[in-house]
Ligand SMILES: [Zn+2]
Ligand SMILES: [Zn+2]
């Protein structure tokens, strides 16, 4: 990590901008984001705190920021035609209730764990320094994390549907049979820990084995995984949804049915595990297509 020696010598408190300008002056080869990143760590003078604050703020911004467009869409009748279970529109009161529990869990369960993240990441050899890795490196590592997390999620989510674990742990997540974006992390703390291992533990194991992982890659992966989880719970199926382009991508089309029927479709990002192991319970778009198909048959 680039440290700032001039300011340390004077002992004067300095602003983030001062750090940024000094780093920019002496490290012209770095791009803007790399300079901002290095300045943040130099300004904080405490890597555990720097990573902890950055991780927590990023998680909150992405989680609630990604859920917001869906909350707004729920209020606009135009979008109702894209809602998978349009007869069960979530009310604002219901969504606020859900947000409160999610926030409570973020502050009491996730925050202490996020604080442990930097020492753990460092212990297993994850890099926090600049320059950042090449985008190609980030891309292949994230693709591997998607596949491994999906596998972890499939087996542990399936296990959570065994009668005892369902009753004791997973039932809370199934409170909403017609899910919405904010409900993605509406779950018991035990479930959060079990399933989050796929998202957080897999990259840590990867770092330990390969000694080749940058924390920025980890952040990018977590952001994409959050987008995936919120989209999967959004309850919206659009003609431009990703699974129309990538047929093996799960999306809301796959997970909404899981919430509606309480079984099957156990994986997170992809469809292959459910398809190969016979736990697929259909897709929401198929179901939506049925009345249309029937109408077409009648018209002929
Ligand atoms: Zn479930
Ligand atoms: Zn769910």
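Residue numbers (UniProt numbering): 1 to 300. Quick reminder that beta carbons are idealized off the backbone N, C-alpha and C, glycines included.
Original post:
Would you call residue 214 buried or exposed, if buried means 16 or more other Cβ atoms sit within 10 Å of its Cβ?
Top reply: buried
**OP:** Assign residue 164 to one of two classes, buried (16 or more other C-beta atoms within 10 Å of its C-beta) or exposed (fewer than that).
**Re:** The residue in question, residue 164, is exposed, as its Cβ has fewer than 16 Cβ neighbours within 10 Å.
Original post:
Can the beta-carbon of residue 345 be found closer than 8 Å to that of residue 259?
Top reply: For residue 345 there is no data in the structure shown, the boundaries of the chain being 1 and 300.
Original post:
Candidates 149, 71, 79: which alpha carbon is nearest residue 91's?
Top reply: 71
**OP:** Could you tell me if residue 239 is buried or exposed, where buried requires 16 or more neighbouring beta carbons within 10 angstroms of its beta carbon?
**Re:** exposed
Original post:
Quick one: what does DSSP say residue 249 is sitting in, helix, strand or coil?
Top reply: Note: residue 249 maps to strand in three-state DSSP.
Original post:
Between residue 74 and residue 269, which are expected to be in contact by the criterion C-beta below 8 Å, what is the C-beta distance as a whole number of angstroms?
Top reply: The Cβ separation is near 24 Å, so there is no contact.
Original post:
Along the chain, which unbroken stretches of the alpha helix (DSSP H) at least 4 residues long are found entirely within the UniProt domain "Fatty acid hydroxylase" (143 to 279)?
Top reply: 163 to 168, 189 to 196, 202 to 210, 215 to 233, 251 to 261, 272 to 276
Original post:
For residue 23 versus residue 38, is the C-beta distance shorter than 8 Å?
Top reply: yes
**OP:** Report the three-state DSSP secondary structure of residue 127 (helix, strand or coil).
**Re:** strand
Original post:
Excluding the five sequence neighbours on either side, which residues of its own chain have a C-beta within less than 6 Å of the C-beta of residue 207, listed in chain order?
Top reply: 124, 125, 126, 213
**OP:** Please work out which residues of its chain come closer than 6 Å, Cβ to Cβ, to residue 181, disregarding the five sequence neighbours upstream and downstream, and give them in chain order.
**Re:** 67, 70, 230, 233, 234
Original post:
Short check: CB of residue 62 to CB of residue 223, under 8 Å?
Top reply: yes
Subject >> Touching by the beta-carbon criterion (3+ pairs, under 8 Å), the segment 173 to 188 and the segment 129 to 140 >> reply: no
**OP:** Tell me whether residue 106 counts as near ligand 2, meaning its Cβ is closer than 7 Å to at least one heavy atom of that ligand.
**Re:** no
**OP:** May I ask which residues mark the beginning and end of the alpha helix (DSSP H) holding residue 92?
**Re:** 92 to 105
Original post:
Any chance the segment 262 to 282 sits against the segment 102 to 111, with 3 or more Cβ pairs inside 8 Å?
Top reply: no
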